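Below is one structure, written out as structure tokens; comments come after it.
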Amino acid sequence: MGTGGGRAGRRGGRVVRRLSLILVALAVALIVAGCADEHPLDTLTPAGPDAEEINDLFFPVLGVAIIVFFLVQGAIIYLAVRYRARRRAAAAAAGTDGDESDDLYGDEEYPEQVHGNLRLELAWTIVPTILLTVISVFTLISLVELNKVSAAEDDLRVTVVGQQWWWEFQYHLDGDTETPPDIVTANEMVIPVGQQVPLEITSRDVIHSFWVPRLNGKKDAVPGRTHPWVIEADEPGRYMGVCQEYCGLSHAYMRNYTVVLTQAEWNEWVEGQLVDAVPLEPGDPGYEGQEVFLANCANCHVVNGVTDVNLDGVPDGMDDYDGDNGDDDITSALVAGAAPNLTHLASRTTFAGSIFDLYEDRAKRIPYLEVAERGYLNRGDLEAWIRNAPERKANDADGARGMTAFPGLSDGEIDALVEYLTTLR
Amino acid sequence: MSDVASPETTVSAPAATGHTAAAHPPTTTGLTHNKLAMWLFLGSECLLFGALIATYMFAKSRLPAGELGPNDVFDIPFTSVSSFVLLMSSLTMVLALSALNRGEERNFRVWIVATALLGGTFIAGQVYEFTVFYNLGLGYTTNIFGSAFYTLTGFHGAHVTIGIVMLMSTLVSSVRGRLSPRNAETVELIGLYWHFVDIVWILIFTIIYLFPQ
Amino acid sequence: MTTTSEPPLQLTAGEQLVRPSTSLGVLSRPKGEVGWKSWLFTVDHKRIGIMYGAAALLFLVVGGIEALLIRLQLAVPGGNVLSEDAYNQVFTMHGVTMVFLVIMPMAAAFANYLLPLQIGARDVAFPRLNAFSLWAFLAGGIFLNTSWFLGGAPDGGWFGYAPNSGLVFSPSHGMDFYALGLQITGIASLVSAINLITTVLNMRAPGMTLFRMPVLTWMLLVVQFLLLFAIPVITVALFLLSFDRLFGANFFNVAAGADPLLWQHLFWIFGHPEVYILILPAFGIMSEVIPVFSRKPIFGYPFMVFSGIAIGFMGWGVWAHHMFTSGIGPVSVAVFSLSTMFIAVPTGVKILNWLATMWGGRLRFTTAMLYSVGAVAMFTIGGLSGVTHAISPADTQQTDTYYIVAHFHYVIFGGSLMGMLSGLYFWWPKAFGYKLNERLGKVGFWVLLVGFNLTFGPMHILGLQGMSRRIHSYAADSGFNLWNAVATAGSFVIAVGVLLFFWNIGLSRRRARGAPPLGPDPWDARALEWMTASPVPTHNFDREITVTRQDEFWHRKWGYDENGKVVRIAPTAEVAHDGSAKGVHLPSPSYWPVVVALGLPFVAYGLIYNLWITGVGALLILGGLYAWVFEPPDDPEDQAHDDHHESDPSGDTGNGADGGGSQDHNGGSADGDGARPLAAAGAPAGPAAESSGNQP
Amino acid sequence: MTQTPSVPTEAAEDVQPADAETEDVAAEHDAEHEHPSDRQYVKVALILGALTALEVATYFESVHHLGDAALYALLVVLMVLKFIYVVAWFMHLKFDSVILRRIFVAGIVLALGVYLVMLTAFRIWGA
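What follows is the structure, given as structure tokens:
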């Protein structure tokens, strides 16, 4: 950095200037290129009132921060240039290199020794205090705003349950979370547009965090606790969410989607979801698959109406959905009835913690409710998943969590199973 | 050293005269390092026992209904007696120190032995109490109350035990003739530790045992 | 200034520096000035400081390799450099290593080396405890890292959130190593904190009042108080975790009614003061370096001190801002959001005071100065992004994303580590007698600065675009590809910068061989440590220094002429000590700190594998402690010493050793063994003091 | 070393005000010598015993009509009294250096502060 003599310094300066120009150009190019990508988790493009509320607070503060940033960095650069001690020309002429550079500074020159200035100190104590007070007032206002629940008591309420490594959504259409849920689905939460949906977030094992960045901030799913939260979207669409609290091996593979439908579509969806599956009879297409399913999968997975039904009419495993698993034995909850409910698997678009598409790519252009009819099954991923899930997504080493491998299943059995699963619409 | 240091004695004499001669070690604060360090350590211990007590209170509040709880196991009259024993050991401790300060070596030993014995009685009481609780069905892993209770009182008991070991060490030193009023500070510091353990029990006794469950 | 004003301190005529002596009548005391034993058994605060620093640099390499592995894994979507399991271990150990085994011991290195020097003391208050701290820290660090070879490193994150860190969800021994290893380093930190606080409060040179202490001393003092009160909290948390894992306790067993948030509270009650434990030493270093190379005194000294104290206090009231999304309830969120916001005020005061110090100065951009100014600039960025998540609603979008990763790397790498690198360049000549190469140092700085910003700058964007922390992989369609690639490239630039630093050490060392000795004061500096020879002789100062004002040393070199202009009033060589004092009585080396520290990992291994090993460890500790306590703190043959250390006053389960400690240096011993009575505590303005400082 | 000529320093600018805290210490130090007598110690122990007896008495039915809040308050007051007596007399803090008092009080205040806030955040009171 221009440590040499006059001419060398000037030449060095030119090089530096040209270099920094190139760097700036490169940075701009990168930023443009970076922004061109699609960002399904972008926090800066809110699509719901809560996320908007947050950004309305964040951007002004960020603006202030950026101003302070430029002021401070500017001051540093200014001070560095303005008050930089000049080496003595003699030393430069002597041709000594910069190694002992301190010896090359004028030893005798000391500037005025200023020890402080009370008024300045008070100023830069008080000004930031005022600034932060203003910010904190706005923070409190939006905190209150964000904690408002406008939904009525008997409106739709969803219990969100995190589990290693997928999400379960239990629908309480009457808003009563004490009773067993009406609908249990996994990985994809379907909500009506423009309606605030109160959530109750909990977990069955470790701490997870439910986050759909474009709709709202995150809330931790803590076992033994139920945390209220809300979600609402302005426009129909498909909003990605991820688990945001480190939760073990496949933390990266714990996504979810919030699918927002128009009110009419949503009603239709609910209607479909409320229907139980019908046990297939010999001769029905998919019957062999159902046999394979009952023999291998039904230990963990529930298909309402097919896997055993209790006397109380609550499907097996649904007993557990009391929204409070304080009394349940954690380890047993991990195995029994705590795998995704597959009653309407084919109506979803993703599986395995939303990391695989259930249908091929073009299905993304098909309306959500029609995917099961018109989409082309993503057979490759689905079969691979059934055959050896741990290979596709890390599970706990001892197999206590996540889906296990089924090395015993023949190709034919897997084909049959897949065929059966497509009947679960 | 005296000859080397003599020039400076004159220089610093004015400052030194206000100071009661060599009675106090020449540290900046006038306190010995050991004493300052001991109090710092005790200050730190406040946070340690605070965390344990807070953990206990929290755990108790989270104990599911129907589980074996404090009401099922605590024997207040018994614990009151052992609390009193520990409290009185603090008295014998100060009396020991006071005896040592006066150079009454024999009395010092008597009081130290008494302190250690009272401490030992307390520990014996704790062991007995643990046994009773265990027989009532409250093991360390039984429930959250059991874990928190045994951890808190266990930590305290460990502190008392270490205190007893230190008391016995001073006794040995005294018997071997290595203790005198001049180094009474060592005993004073052990006393500080001992009293601290006592005040922790004052808290535990009230908060854990006497608060309405 | 006169000779008489600086009387020889504790000179005992005709004595050897270190004399062999016996302990327990069996073993002779370790002796000798050279060789590995002289380092292993040393109680010299300078050697201990150097070893702390060396260990921290070693662990910096380890943690750096872990960081590079993380970056390699994330360079492209779906990376497969590491398995999920290995990745989790690597990021956990990266955090643990950098926080507990790099930044903290590096701060301890500066504290050990510089605190006694800056207050004009002979050594720390308890030299043997000091040695114990070092070895316990090292034992803990090595213990933690042996987990790699014993079935897997910790995989629950450095924050170890329950119940993910419990036995059910983390069945390998990794988290046991985490809990027990941190327990051991915690003991080291606690003992060291007690020791250093006692040193600063009790062993200041005559006239060195609290408000004449250098800012670094102040910041280190605040840090030691933070450690003193914060370590017990993590100690309890780690005990609870260990008891859950090892003995089946129910503290974090949700099925038994436990609440996992208990861990979070305890961890962050420790964890937030810990953040200031990491940053304040660097603040102190910057407050030493910037004035020297600006040729001005620190601007607003009292404000610098009080803001440091304020940060220390406020650091206790903000812990739950790590838990805004944990479900602690809106009232708690609001309260902690506010308290967090205002901690920015004292921090801002510091930044502005550094700038004001540079204002109107004559800035010499040595490597040390570059690093300090760089640290101010980078820390500012970290501080500002910190304000953006003090506003809790925004934090719900940011926490656990790369935005936070960017934030705290700007604080801890950009602030702490750069500040400490500045300190290394600054005090290197003091410790080793030669300077690090300036040209290479400057190149290294710019490489590091560019690499740092290249790595962590883009993480702001990644975080706002929604990239989670602690994910071992991301999908190609998440939009994270570009900036991750840039960050990975940047991390290798950082690696080059760090390598340049190590190369610089080697190069400068080689070049320094045979070079003429460096004077005591190569930078024209201000504080007392520059007043003695470089490298600092074992006895620190030849004579006791009487302090009459801040920056005492500088004022002895420079004065003002009638116009108020600064003029030299004495050549440095005349003011500074040359380290030639002979026969200074010093505390003797000891075996026992090493023995006791060695017992700790045995206890820990035993708890994991077999209680018999614990027994061996306990025997080592107990035996070591007893030998320690009954070992005269130093030369027993010196009749001038009346040792009353027969019985050790303290000691405690968790905190292992607290030996009687040696008292015999700069005014410790009860009967003043040769220590001349100090001018009464903190009463510097005695006639003697006045004559030394102000009088021609 | 010879005397070096030096220009008078601008004292007002350079010499910081002496630190009050350290200054006090020496003066205050004399207080340390007032060791309480054994008789006083016994008296304190008797008070402690009495307070403990009071505490234990609350356990028995007779006082329960006070209601929980009053009972808690009474117990806390008794506990704090006992605590202070031991610390002040047996631990000698009443007579010792102010520095020691500050260190200990800092520990207690911090512990009380953080743990009470933590328990409040958990809403365990009144549970």
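Those protein sequences? They're chains X, A, R and U, same order as listed. Residues in the first sequence are numbered from 83 upward in steps of one, following my numbering. Residues in the second sequence are numbered from 2 upward in steps of one, following my numbering. Residues in the third sequence are numbered from 36 upward in steps of one, following my numbering. Residues in the fourth sequence are numbered from 3 upward in steps of one, following my numbering. Cβ coordinates follow ideal geometry from the N, Cα and C atoms, glycine included. These numbers come from a predicted model, not from an experiment.
request  = Could you tell me whether any Cβ in chain A is nearer than 7 angstroms to the Cβ of Phe97 (chain U)?
outcome  = Answer no: the Cβ-Cβ gap between Phe97 (chain U) and chain A never drops below 7 angstroms.
request  = Please state if the CB of Asp256 (chain X) and the CB of Asp287 (chain X) are separated by a distance shorter than 7 angstroms.
outcome  = Taking 7 angstroms as the Cβ cut-off, Asp287 (chain X) and Asp256 (chain X) do not qualify as a contacting pair.
ask   = Does any C-beta atom of chain A lie closer than 7 angstroms to the C-beta of Phe264 (chain R)?
value = It does: the Cβ of Phe264 (chain R) has a partner Cβ on chain A nearer than 7 angstroms.
key: Cβ-based neighbour list, Leu535 (chain R), same chain, cut-off 7 angstroms, excluding 5 preceding and 5 following   = Within the same chain, Leu535 (chain R) has close Cβ partners Leu475, Val478, Gly479 and Val482.
key: Cα-Cα separation, Ala359 (chain X) to Ser361 (chain R)   = If you draw a straight line from the Cα of Ala359 (chain X) to the Cα of Ser361 (chain R), it comes to about 38 angstroms.
ask   = Which chain X residues are close to Asn123 (chain R), counting only those with a beta carbon under 9 angstroms from its beta carbon?
value = Near Asn123 (chain R) (Cβ distances below 9 angstroms), the residues of chain X are Tyr328, Gly330, Leu331 and His333.
ask   = From this set, X:Ala109, X:Pro193, X:Leu222 and X:His333, which residue's C-alpha is nearest Ile426 (chain R)'s C-alpha?
value = It is X:Leu222.
key: Beta-carbon proximity of Thr733 (chain R) to Val154 (chain X), cut-off 7 angstroms   = The shown model of chain R, from 36 to 731, leaves out residue 733 (chain R), and the question about it has no answer.
ask   = With Tyr751 (chain R) and Gly498 (chain R) assumed to form a contact (beta carbons below 8 angstroms), what rounded beta-carbon distance in angstroms separates them?
value = Absent from the structure is residue 751 (chain R), since the part of chain R shown begins at 36 and ends at 731.
key: chain R contact for Gln245 (chain X) (CB, 7 angstroms cutoff)   = No, because no Cβ of chain R sits closer than 7 angstroms to the Cβ of Gln245 (chain X).
ask   = I think Trp351 (chain R) touches Leu112 (chain U), with their Cβ atoms under 8 angstroms apart; what is that distance to the nearest whole Å?
value = In this structure Trp351 (chain R) touches Leu112 (chain U) by the C-beta definition: roughly 6 angstroms separates them, less than 8 angstroms.
inquiry  = By the DSSP assignment, the alpha helix (DSSP H) with Pro310 (chain X) in it spans what residues?
reply    = It is not in any alpha helix (DSSP H) - Pro310 (chain X) instead sits in the beta strand (DSSP E) that spans His309 to Ile313.
key: Under 7 angstroms from the C-beta of Phe212 (chain A): neighbouring residues of chain U   = Tyr74 and Leu77, listed in chain order.
key: the segment 77-92 of chain U: positions lying closer than 8 angstroms to chain A by Cβ   = Taking 8 angstroms as the cut-off between beta carbons, the residues of the segment 77-92 of chain U near chain A are Leu77, Val78, Leu80, Met81, Lys84, Phe85, Val88, Val89, Trp91 and Phe92, in sequence order.
Own chain residues within Cβ distance below 8 angstroms of Leu172 (chain A), not counting five before or after = Excluding residues within five positions, the ones whose Cβ falls inside 8 angstroms are Arg110, Ile113, Val114 and Ala117.
query = Is the CB-CB distance between Pro198 (chain R) and Phe287 (chain R) below 7 angstroms?
reply = Taking 7 angstroms as the Cβ cut-off, Pro198 (chain R) and Phe287 (chain R) qualify as a contacting pair.
task = Round the Cβ separation of Trp501 (chain X) and Pro367 (chain X) to the nearest angstrom and send it over; I've been treating them as touching at under 8 angstroms.
result = In the sequence under discussion, the amino acid at residue 501 (chain X) is Glu, which differs from the Trp named in the question. Their Cβ separation, rounded to whole angstroms, is 7 angstroms, which keeps Glu501 (chain X) and Pro367 (chain X) in contact under 8 angstroms.
task = With 8 angstroms as the C-beta to C-beta threshold (strictly closer), list the residues of the segment 26-45 of chain A near chain U in chain order.
result = Listed in sequence order: Thr29, Thr30, Gly31, Leu32, Lys36, Leu37, Trp40, Leu41, Leu43, Gly44 and Ser45.
inquiry  = Restricting to Cα atoms, I'd like to know which of R:Val610, R:Arg505, R:Asn598 and R:Pro464 is closest to Pro570 (chain R).
reply    = When only C-alpha atoms are compared, the closest one is R:Pro464.
request  = Pair every Cβ in the segment 71-80 of chain A with every Cβ in the segment 129-149 of chain A, then say whether three or more of these pairs are closer than 8 angstroms.
outcome  = In this structure the segment 71-80 of chain A touches the segment 129-149 of chain A; the number of beta carbon pairs closer than 8 angstroms is three or more.
Coil, strand or helix - Ile496 (chain X) by DSSP = In this structure, Ile496 (chain X) counts as helix in the three-state DSSP scheme.
message = Quick check on the burial criterion: 16 or more other C-beta atoms within 10 angstroms. Buried or exposed for Glu68 (chain R)?
response = Exposed is the label assigned to Glu68 (chain R), since fewer than 16 other Cβ atoms lie within 10 Å of its Cβ.
task = State the Cα-Cα distance for the pair Ala473 (chain R) and Phe438 (chain X), rounded to the nearest angstrom.
result = Inspection of the sequence shows that residue 473 (chain R) is occupied by Glu rather than by Ala. Going by the C-alpha atoms only, they are around 55 angstroms apart.
request  = Taking only the alpha-carbon atoms, compute the straight-line gap between Pro210 (chain X) and Val216 (chain X) and give it to the nearest angstrom.
outcome  = The alpha-carbon atoms of Pro210 (chain X) and Val216 (chain X) are separated by roughly 10 angstroms.
task = Please report how far the alpha carbon of Met321 (chain R) lies from the alpha carbon of Ala410 (chain R), in whole angstroms.
result = Roughly 8 angstroms between the two C-alpha positions.
query = Are the C-beta atoms of Thr344 (chain X) and some chain R residue less than 7 angstroms apart?
reply = So, not an interface residue.
ask   = Nearest to Ile496 (chain R) by CA position, among R:Ile439, R:Ala466, R:Phe461 and R:Ala102, is which residue?
value = The shortest C-alpha to C-alpha distance from Ile496 (chain R) to any of R:Ile439, R:Ala466, R:Phe461 and R:Ala102 is the one to R:Ile439.
key: 7 angstroms Cβ cutoff met for Met413 (chain R) and Met141 (chain R)   = Met141 (chain R) is positioned such that its CB atom lies no closer than 7 angstroms to that of Met413 (chain R).
task = Just mark Leu452 (chain R) as buried or exposed, buried being the case when its beta carbon has 16 or more other beta carbons within 10 Å.
result = Per the 10 Å Cβ criterion, buried.
inquiry  = Can you tell me whether Ala125 (chain A) is helix, strand or coil according to DSSP?
reply    = Helix at Ala125 (chain A).
message = Between Asn229 (chain X) and chain R, is the shortest Cβ-Cβ distance under 7 angstroms, so that the two count as touching?
response = Closer than 7 angstroms: yes.
ask   = Would you call Asp184 (chain X) buried or exposed, if buried means 16 or more other Cβ atoms sit within 10 Å of its Cβ?
value = With a pLDDT of only 45 at Asp184 (chain X), under 50, the local geometry of the prediction cannot be trusted, and the value read off the model is given with reservation. When all chains shown are included, Asp184 (chain X) counts as buried.
request  = Can you tell me which of the three DSSP states Asp4 (chain A) falls into?
outcome  = With a pLDDT of 33 at Asp4 (chain A), under the threshold of 50, the predicted position of this residue should be treated as unreliable, though the coordinate-derived value follows. Of the three classes helix, strand and coil, the one that applies to Asp4 (chain A) here is helix, per DSSP.
query = Along the chain, which unbroken stretches of the alpha helix (DSSP H) at least 4 residues long are found entirely within the segment 598-665 of chain R?
reply = Fully enclosed alpha helix (DSSP H) runs of 4 or longer: 607-610, 627-643 and 646-665.
key: Asp62 (chain U), DSSP secondary structure in three states   = According to the sequence shown, residue 62 (chain U) is Phe rather than Asp. If DSSP states are grouped into helix, strand and coil, Phe62 (chain U) belongs with coil.
request  = Let me know the secondary structure DSSP gives Arg30 (chain X) once reduced to three states.
outcome  = Nothing can be reported for residue 30 (chain X), as the shown portion of chain X is limited to 83 through 507.
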